[in-house]
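S.K.:
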Amino acid sequence: MVRLRNNGEMEKTRFEGLAVGIDFGTTNSSVAIVNGDSKVELASFPYGGGSTLSFRSVLYLEQVKSSAGAKQIRSKTGPAAIEGYLDAEEKGRLIQSLKSYLPNRTLTGTEVFGRRYTLEELISRMLADLRGHAERQFDVPIRHATVGRPVRFVGAETEEDDAYAVSRLRDAFVLAGFESVDFEMEPIAAAYSYESTLDHDELILIGDFGGGTSDFSLLRVGPGVRRRGRTRQDLLGNSGVGLAGDAFDARIIRKLVSPALGSESYARSLNKTLPAVPTWIYSNLERWHYLSFLRTRNVAEILRSARLRALEPERIEALTALIEEDLGYQLHQAVQQVKFELSRSTSAEFRFRDGSLELQIPVTRSEFEDWISEELGAIERCVDQLLESTGVSPREVDRVFLTGGSSFVPAVRRIFTRRFGEDRIQTGNEFTSVAHGLALRAEEAMMEAAV
Ligand SMILES: Nc1ncnc2c1ncn2[C@@H]1O[C@H](COP(=O)(O)OP(=O)(O)OP(=O)(O)O)[C@@H](O)[C@H]1O
Ligand SMILES: [Mg+2]
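Residue numbers for the sequence shown, in the numbering used here: 14 to 464.
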């Protein structure tokens, strides 16, 4: 790329032919750029005194007073959002997993501190900050990018729903100052990243398991394919399902945490026993950032009267503390911790200690696998459908590359070891392979355009 210096002189930057890949993930986002030497560099973001390559896809909105005393709303994103939230005396709104709402036509936005925000606007705050960080690090303006999209968005039922989600995501990029974006399927991007390690051609199956979605692609890649030029036939097919890490977390809350907070407890009512607390209150716990919506007078009243009649009032007290002290984020962190531990060990302990609430519950990996069996079944069917619809038998697949944070879950890996054997499975770059591959795709598209 050629840039103009302040004095109008032409300057060649080390980012000759700027190719940018952006993976806006449900949980984590990352940015990659192909530099002038055709090497991929990942953007890094300040985090807790150090730095990280994955930027948490969270947004924090808080109300602050300007020097003139007027109230203003300030937004923080990524690691700064979490730090801002934890440091604040008076908590604002911390929002995550926004990508999962993109196909939802009834969710156009939300009201925060009396101001209405569209979903696109909320997402654009994160994208603008991602862009800003990358521009500063690489010292180039970024106006174009190749952006990832899941094969099937969370909750999307038809291709129209997916197209609608993509158009909203495009709008969010435009609001964030991008002039144009090209979309690429996230598992295909992961395939390009894996391809960059190959010295021969392979037929590969990619499984990308994130926070919101599980995505699959079956394609032929390698240096020979690149040399002769990719053809339509190289991509055998894609498939996806809107289930991944967030759905696993919701199960942990339903099966492990909510019972400790009274979801299976009863209360005396005249001469009958009835559930102590209505189930809709526990459904709000499963999406942790909804927890703050439970801080209403109505819910406080329901809980007060439930506590008086409950057979296990201490559980209702614990639920009340969680809601009153607005510990949704902390609860989510504790759920993540126990899930991560179950990826490493066959048993773990769920530990939550914050405010006046303390919970310690042992759990085994096999219990967890039991809780997520429906999700695992849906993921499994999605893989089998891809193989069936493309007429490819597992024997023909040279390699299976598993990536994304939820690929650490042993039961997810087992779906593949059962079908393909341990030797053909490869894992790696769980949080960066998609952005890395998107940047390579952006570079390839630029070369195609130049021919
Ligand atoms: N060690 C681990 N064990 C189990 N799950 C994990 C582990 N590490 C991360 N995860 C989960 O991985 C998910 C995040 O993965 P990733 O960053 O790949 O998702 P994403 O790209 O943001 O989402 P998507 O691709 O669906 O938009 C979270 O649900 C997180 O809890
Ligand atoms: Mg992802």
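Quick reminder that beta carbons are idealized off the backbone N, C-alpha and C, glycines included.
Under the three-state reduction of DSSP, which class applies to ILE46: helix, strand or coil?
M.R.: Within the sequence shown, the letter at position 33 stands for residue 46. ILE46 falls in the strand class under three-state DSSP.
S.K.: Could you check whether the Cβ of ASN48 sits closer than 8 Å to any heavy atom belonging to ligand 4?
M.R.: Absence of ligand 4 is noted for the structure shown, with ligand 1 and ligand 2 being the only ligands found.
S.K.: Between which two residues does the alpha helix (DSSP H) containing PHE381 stretch?
M.R.: By one-based count along the sequence shown, residue 381 stands at place 368. Here the alpha helix (DSSP H) through PHE381 covers 378-384.
S.K.: Between which two residues does the beta strand (DSSP E) holding PHE222 run?
M.R.: Position 209 of the sequence shown, counted from the start, is the residue given in the question as residue 222. Taken as a continuous stretch (DSSP letters only), the beta strand (DSSP E) holding PHE222 covers 215-222.
S.K.: Go ahead and label VAL179 buried or exposed: buried means 16 or more other beta carbons lie within 10 angstroms of its beta carbon, across all protein chains shown.
M.R.: If you number the sequence shown from 1, residue 179 lands on position 166. With 16 or more other Cβ atoms within 10 Å, it is buried.
S.K.: Just tell me which of PRO236, ILE201, GLN346, ARG408 has its CA closest to the CA of ILE219.
M.R.: Locating residue 219 in the sequence shown gives position 206, where the first residue counts as 1. Of the candidates PRO236, ILE201, GLN346, ARG408, the one whose C-alpha sits nearest the C-alpha of ILE219 is ILE201.
S.K.: How do the segment 425-437 and the segment 33-46 stand: do at least 3 beta-carbon pairs fall below 8 Å, yes or no?
M.R.: No, the segment 425-437 does not touch the segment 33-46.
S.K.: Looking only at its chain, what residues have a beta carbon closer than 8 Å to the beta carbon of ILE315, apart from the 5 residues adjacent to it on each side?
M.R.: For the purposes of this step, residue 315 is identified with residue 302 of the sequence shown, where counting begins at 1. Counting only Cβ-Cβ distances below 8 Å, and skipping sequence neighbours, we find VAL290, PRO291, ILE294.
S.K.: Closer than 8 Å: is that where the CB of GLU380 sits relative to any heavy atom of ligand 1?
M.R.: Taking the first residue of the sequence shown as 1, we reach residue 380 at position 367. Checking the 8 Å criterion, the Cβ of GLU380 is out of range of every heavy atom belonging to ligand 1.
S.K.: In the DSSP output, which residue or residues are listed as bridge partners for GLU54?
M.R.: Numbered from its first residue, the sequence shown carries residue 54 at position 41. Looking at the DSSP assignment, GLU54 forms a beta bridge with ILE46.
S.K.: Taking Cβ to Cβ, would you say THR121 is nearer than 9 Å to THR131?
M.R.: Start at 1 with the first residue of the sequence shown, and residue 121 comes out as number 108. Start at 1 with the first residue of the sequence shown, and residue 131 comes out as number 118. Yes, they are a contact pair.
S.K.: Buried or exposed: which applies to ASP36, given that a residue is buried once 16 or more other Cβ atoms fall within 10 Å of its Cβ?
M.R.: In the sequence shown, residue 36 corresponds to position 23, counting from 1. It counts as buried.
S.K.: Quick one: complete alpha helix (DSSP H) runs, 4+ long, within the segment 55-128?
M.R.: 91-100
S.K.: Using 10 angstroms around the beta-carbon of GLU461, count the other beta-carbons present and answer buried if the total reaches 16, otherwise exposed.
M.R.: Counted from its first residue, the sequence shown places residue 461 at position 448. The residue is exposed, with fewer than 16 neighbouring Cβ atoms inside 10 Å.
S.K.: Return the chain-ordered ranges of every beta strand (DSSP E) run that is complete within the segment 311-387 and spans a minimum of 3 residues.
M.R.: 360-367, 370-377
S.K.: Run through DSSP, which three-state label would ASN251 get?
M.R.: In the sequence shown, residue 251 corresponds to position 238, counting from 1. Residue state, collapsed to three classes: strand.
S.K.: Can you name, in chain order, every residue of its own chain whose Cβ lies under 6 Å from the Cβ of ARG432, other than the five neighbours on each side?
M.R.: Position 419 of the sequence shown holds residue 432. So the qualifying residues of the chain are PRO407.
S.K.: Alpha carbon to alpha carbon, how far is GLY409 from LEU216?
M.R.: As a position in the sequence shown, residue 409 is number 396, starting the count at 1. As a position in the sequence shown, residue 216 is number 203, starting the count at 1. First, the residue type needs correcting, since residue 409 is Glu and not Gly in the sequence shown. For GLU409 and LEU216, the distance between alpha carbons rounds to 8 Å.
S.K.: Give a yes or no on whether the C-beta atoms belonging to ALA189 and LEU140 are separated by under 9 Å.
M.R.: Counting from 1 along the sequence shown, the entry for residue 189 is found at position 176. Counting from 1 along the sequence shown, the entry for residue 140 is found at position 127. Yes. Within cutoff.
S.K.: According to DSSP, is THR430 helix, strand or coil?
M.R.: Residue 430 sits at position 417 when you count from the first residue of the sequence shown. THR430 falls in the helix class under three-state DSSP.
S.K.: Can you list, in chain order, the residues of its chain whose CB lies under 6 Å from that of THR377, leaving out five sequence neighbours each side?
M.R.: In the sequence shown, the residue the question calls residue 377 occupies position 364. Contacts found: SER360.
S.K.: Find the nearest neighbour of ARG322 within the set ALA280, PHE353, GLU443, LYS352, judged by alpha-carbon distance.
M.R.: In the sequence shown, the residue the question calls residue 322 occupies position 309. Nearest C-alpha to ARG322: ALA280.
S.K.: Grab the span of the alpha helix (DSSP H) containing THR292 for me, first residue to last.
M.R.: Counted from its first residue, the sequence shown places residue 292 at position 279. It spans 292-299 - the alpha helix (DSSP H) in which THR292 sits, taken as one unbroken run.
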